[in-house]
Amino acid sequence: MTGPHEEVRIGVYICHCGSNIAATIDVGAVSKYAATLPSVALARDYKYMCSDPGQELIQKDIQEYKLNRVVVAACSPLLHEPTFRNATARAGLNPFFCHMINIREHGSWVHEDQVQATAKAKAMVRGAVGRVALHKALEKRKAPVNPQVLVVGGGIAGIQAALTLANAGKKVHLVERQPTIGGHMAQFDKTFPTLDCAACILTPKMSQVNQHPNIKLMTMTEVVKVDGYVGNFQVTVRKKPRYIKEDLCVGCLDCIEACVFKEGKFEDDFNLGLNKRKPVYIPFPQATPKLVVIDPESCLQLMKGKCKQSCVAACERAAIDFSQKPMEEVLTVGSIIVATGFKAFDPARTPYYGYGVYPNVYTALEIERLVNASGPTGGDIVLRDGRRPSAIGIIHCVGSRDHRTNRWCSRVCCMYSMKLAHLLKEHSGAEIYNFYIDIRAPGKGYEEFYERLLEEGVHFIRGRVAGVNDWAVTKEEEGRLVIRVEDSLAGFVRRIPVDMVVLSTGLEPHADAQEVRRMFNISCSGEGFFLERHPKLAPVNTNTDGIFLAGCCQGPKDIPDSVAQAGAAAAEALALIDHGYVEMEPMTSYVVSDDCSGCKTCLNMCPYNAISRDEEKGVAVINEALCKGCGVCVSACPSGSIVQNLFEDKEIFREIEEVLAYG
Amino acid sequence: MKKYSYFPGCSLKGLGRAYEESFLAVCKALNIELKELEDWNCCGATAYMAIDEHHAVALATRDLALAEMNSTEDLLAPCAGCYLVLNKANKYLAKYPRIGGTVRQALAEEGLKYEGRIKVRHPLEVLLNDVGLEAIQQKIKSSLRGLKVAPYYGCQIVRPYAVFDDQYNPTSMDKLIEATGAKVVEFALKTKCCGGSLTGTLAKVGQEMCFNLLHEMKRRGAQVVATACPLCQFNLEVYQREIAARHKEDVRLPILYFTQLIGLALGLPKKALGLQRQIVAADRIPAECRAENPI
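Just so you know, the sequences run in chain order A and B. Counting with the numbering used here, you get residues 2 to 664 for the letters of the first sequence. Counting with the numbering used here, you get residues 12 to 306 for the letters of the second sequence.
Now the structure itself:
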C-alpha cells in the first residue's frame, strides 16, 4: 500500500490485441512515449495483455519494480477492467490503483490514419498517467443476496425458470398478467418437428407450478415498480381484480352455466375470437390456476351495476365478489428473470394479404386453434363462411424479413408453417401450398421434417406473395381467393386459387416493451427486443446486475431454445444466490458535510432515491448502498460539496489537462 | 368560400378536357374559388423523372415556385400524374440536398426561388376533407340512387405517397360516390395499374391490363367507372372495342371522372360536365337505371 508520502511509481502496459490495435496504432511508439512521462517507472507493450502471461507480467513488475500504480491501454473497460484490477490485487496492490483506457473501440477501430491514431493513444496514455497518480485506495462493499427470485411472465420460459429454481429449493414469485399461465404455447396444437401435443407436455408443468410449495403464483398481476439493486430488489406488483375469491373458487364452472347470458357473446381471446365466451369464463379447460374470471368490460353487474346475479346464486362457495379492487404488494427479491414473451405480428400492417377484408384469410395462431381438438370447431377445418377448403395457401414471412414491416427473421415461422401444412392436410385432405422465401430449418430433426413434408405432397413455391384477393380471371377462380406470386424457381408469375389463406405472422416485441424496459432498467436492441449483455457470452444477462432474460422477450426463438434459455437464466440466479453476497463498486458519491449548505438540490436529482437530508445537522446524506455512482448529484451540487470516488474533480481535471498538454 | 391555386397540367387542357370542365363546374357549385397558375409548365410527368431526376425536379419546382410567389394557398393538381410529380419534387427537395442545389441554380437563372411552402393536394382530398360530405350531400339535386359505380383510383394517387388515403384500399372516392346516392361496387383492383403508357408502347400488354380491370369491374356488376386520372380514363375508355374483339367478350363500360358523377348529382348540365366528350357514351347505362337517374 502506498502512503501519502511514498513516491508514485507507475507501470504502463500497451496491448496489441493481436492486430486489432497494433495494425492501426504504433504500440511501440506509444510505449516509448509513456516511458518518458513523469512518475512512470516502466512501460511495455505486449501481444495480449488479457492473457495469463500478460496478467502475470503486470504482477511480476509490481513486485519487482515496486510499482504502486498501473495503467493498461487496451480494449473496453466493460470487457477487461475486472481482469486487470484483479491482476493488480493479486500482486498485493489496491485494485483501484489500476486504471484502464480504451485505445481499441476509441482508437484503432474508429481511425484509419496511423499517425493520428498513435498520437491520440499517446495523449490518452498521458491523461491516464496523470490521473492514476491521484487515485486513492478504495474498498468494495459487500451486500447479502436475498435468496428469493421474481419471474415475470408465465409462458413456457417463465414456467421452466420458476420450476428449475423451485426444485433447487429457492422461493420463487411467478407473476403473470393474464388470468392463466401457459402463454402462447398453451394455444398451440402440436409442436414441431416431433408433433407431440403442446398441451400434453405443457399442462403437467403448469400444474407443477401451481402446486409447488416453493412457487407463489400471482396471475392477473403486473409489475409496476422496481426499486433496489442486485441482491436486494423491492418490486411493486399490482393485482387486477378477478372478481372471484381465489381461495374459495374450486373451478366447478357452475357460475358460467348460470350466467344471464345464455350463449357466449364476447370475443374469446384464447381462441382469438374464433368463438364466443360469456362475461364469466375460464380461458381454457386446463387454465392454471383453475379459476374463473369475470370480465369487467362485458359483465352487466360490473358495467351497469344491474343484473340479477344468477352466477352468485349458483356459486355454492360464495366465491364471487364484485367489490374487488386492484391491490398492490411489494415483493423483496434478490434477482429477477424477465420472461415476458412476444406479440404476434398484426397482419393489418400487410393489407395486400387481405386479412380482415376476406374472412377466409387466417393468421397462423388462429389455425393453431382451428386444428386443435379442443378448439372452436373440435379440430374440424371449417371456414368462417361454413365451407370446407379444397386448397389452402400458407404465406411465410408475413411481417418478417421485410423492410416495410420488420427486418428480422422470426425463426419459428418456417417450421410452424410446415407443421400447420401437415396438420391441415391431415385434417382436411386439401391441397396445401407453401409460399416461402427460403426454408429455414436449422434445428435437430427440422430439415428431416421438411423432407417429410415434401414426401407427403405438400407444394412449396419459392416466391414472396404479391397479394391475396378475390379478383377472378378464370372460372376456376370464381368465388375463391387468388394468391398472386412470382414463382422464382419456375420464373413466371402464377395465380393460385385457394379457399383458405394462412398468414405465417412473425414475432414482435410487446407493445409496452419500452415501458417494461425502463421499469427494469434494461436495454432494448434496435428492433425492441430486450438486450442481452453479450450476444454470445452473456446471452441471459442484462446490463443491470441481477436481472436476467429468458424466452422470446429477448428475441424470437422456438420452444427448445426458450426452455434452454430459461434454464440458463435460472442457473445465473442460482449462482448469485449461492455466492451469498454481491460486491459493489466503490465509485459511489459522498457528501463533504462541512461544505454542504443543505439546499436539497441533490435530493430531487437522484434517480435512485439514495440521498436524504439529515435534519439535525442540516446536510445531505448519501446512502452508499443505494448509490449507483451515476454522478448526477455531483454535477448538480451548487457548492461542490459532493465527491464521487474514482471521479473526483481533481482526477478528471488532471486527466483533461494532461490530454490537452500533449503535442 | 375556400380558395386554392389550380395546376391543370397538359392533360386537363387536352385529352382530359372533360375532367377540367367538370372539376371547375363542381368547384363553382361548391363555392370553391380556384386561381389557375399563370405561366405554368409541364410537370415533366413520370417519363422525365425516369430519365433525369435532377432536371425533372427542377422543371416541376418551377411550377411550385410560381405558386409560392403568387399565393399562400394550397395547389390543386387534379391529374394524378401531376399530383404525384409535384409532391415528389417537394419530397426530393427536402430529402436530397444535391437535387436542391441543382434546382436552386436552375430557378435562379430565371430569377425564381422556392422555399418549400406549397402543399400539393388532390381534389379527392379537398372535396372529402375541406368541403366535407355533409356540405356536398346538402347540395345534391338529383341523387344517383341505384347506379352501381366502380371507383378506380389507379396507382399514382396513393403510391408511393399515401398522403390522405390508404395505400392498398383507398376509400376517399368511395365516400364521395356514396354521397351522390350511387352504390359503390367493391372490387380488389382499385389501385391496380391501368397499363399507363404501355398502351402506346406495348399495346398488347397495356390492353391486357385494361382488360383485367374492365372484366373484373363488369363481373362485379359495375354500370359505370369513376376515375381520378386522365390517363386511366383514356386507357380504360378508348381500347374497349379492340379488347372486346380480342377477348370475344363484352367489356363496354362508360368511364367517367368522379367529378362528372358529382356534377350530375349536383344537377349541373351535361354539357358543363363535358359528358358529350365521352367515347363510350354514358347514356348506354342500362335503361332501368336511367329511369331513376339523370344520366
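Glycine is no exception: its CB is placed at the ideal position from the N, C-alpha and C atoms. The structure displayed is predicted, hence computed values, not measured ones.
- In the DSSP secondary-structure assignment, A:Gly394 is bridged to A:Tyr434, A:Val502.
- Counting only runs of 3+ residues, the beta strand (DSSP E) found wholly inside the region 465–518 of chain A occupies 466–470, 482–488, 493–499, 501–506, in chain order.
- Membership of A:Glu448 in the alpha helix (DSSP H) is indicated by the continuous run 447–457.
- For A:Leu175, the enclosing beta strand (DSSP E) starts and ends at 173–176.
- For the pair B:Asn101 and B:Val131, the CB atoms are nearer than the 8 Å cut-off.
- The three-state secondary structure of A:Ile182, taken from DSSP, is coil.
- Taking a cut-off of 8 Å on C-beta distances, the region 104–117 of chain A touches the region 22–42 of chain A, as three or more cross pairs fall below it.
- From the listed residues A:Tyr49, A:Lys558, A:Gly232, the smallest Cα separation to A:Arg412 is found for A:Lys558.
- Contacts between A:Tyr353 and chain B, judged by CB atoms closer than 7 Å, involve Tyr179 in chain order.
- Within chain A, the residues placing a beta-carbon under 8 Å from that of B:Arg230 are Ala473, ordered along the chain.
- Per DSSP, the continuous alpha helix (DSSP H) segment holding B:Asn223 begins and ends at 214–230.
- Assignment of beta strand (DSSP E) within the region 29–88 of chain A, counting only whole runs of 3 or more residues, yields 41–47, 70–75 in chain order.
- Nearest neighbour of B:Val196 by Cα position, chosen from B:Leu264, B:Lys159, B:Gly207, turns out to be B:Lys159.
- Annotation: A:Gly619 is outside any alpha helix (DSSP H) and is labelled neither H nor E by DSSP.
- Interface annotation, A:Asn470: in contact with chain B, CB-CB separation under 8 Å.
- Bridge pairing for A:Gln235: A:Asp228, A:Thr333 [DSSP].
- At least 8 Å separates the beta-carbon of A:Ile182 from that of A:Ile245.
- At a Cβ-Cβ threshold of 8 Å, A:Cys16 and A:Tyr66 do not count as neighbours.
- At a beta-carbon threshold of 7 Å, the residues of chain A lying near B:Ala199 are Asn470, Asp471, Trp472, ordered along the chain.
- By the neighbour-count criterion, in which 16 or more other beta carbons inside 10 Å mark a residue as buried, B:Met12 falls on the exposed side.
- Secondary-structure assignment with DSSP links A:Glu223 through a beta bridge to A:Arg239.
- From the beta-carbon of B:Glu227, the residues of chain A found nearer than 9 Å are Trp472, Ala473, Val474.
- Taking 8 Å as the cut-off, the Cβ atoms of A:His397 and A:Phe436 count as close.
- For B:Tyr268, the enclosing beta strand (DSSP E) begins and ends at 266–268.
- Counting C-beta pairs with one atom in each stretch, the region 642–662 of chain A and the region 37–48 of chain B have fewer than three that are closer than 8 Å, which means they do not touch.
- Shown here, B:Ile151 sits in coil according to DSSP, grouped into three states, outside any helix or strand.
- Taking C-beta atoms as the reference points, A:Pro608 and A:Asn646 fail to come closer than 8 Å.
- For A:Gln161, the closest of A:Leu575, A:Ala570, A:Arg655 by C-alpha to C-alpha distance is A:Ala570.
- Rounded to the nearest whole angstrom, the C-alpha separation of A:Thr165 and A:Val469 is 46 Å.
- Closest in C-alpha terms to A:Asp579, from the list A:Gln149, A:Arg127, A:Met585, comes A:Gln149.
- Assigned with DSSP and collapsed to three states, A:Gln645 falls in strand.
- With contacts defined by Cβ atoms closer than 8 Å, A:Leu454 and A:Ala365 do not form a contacting pair.
- In the DSSP annotation of this structure, the continuous segment of the beta strand (DSSP E) that includes B:Leu45 starts and ends at 43–47.
- In terms of CA proximity to B:Leu118, B:Met80 leads the group B:Gly192, B:Met80, B:Glu145.
- When A:Glu298, A:Thr289, A:Met304, A:Lys279 are compared, the shortest CA-CA separation from A:Cys312 is found for A:Lys279.
- Under the DSSP assignment, B:Cys38 falls outside any beta strand (DSSP E), being part of the alpha helix (DSSP H) whose first and last residues are 28–40.
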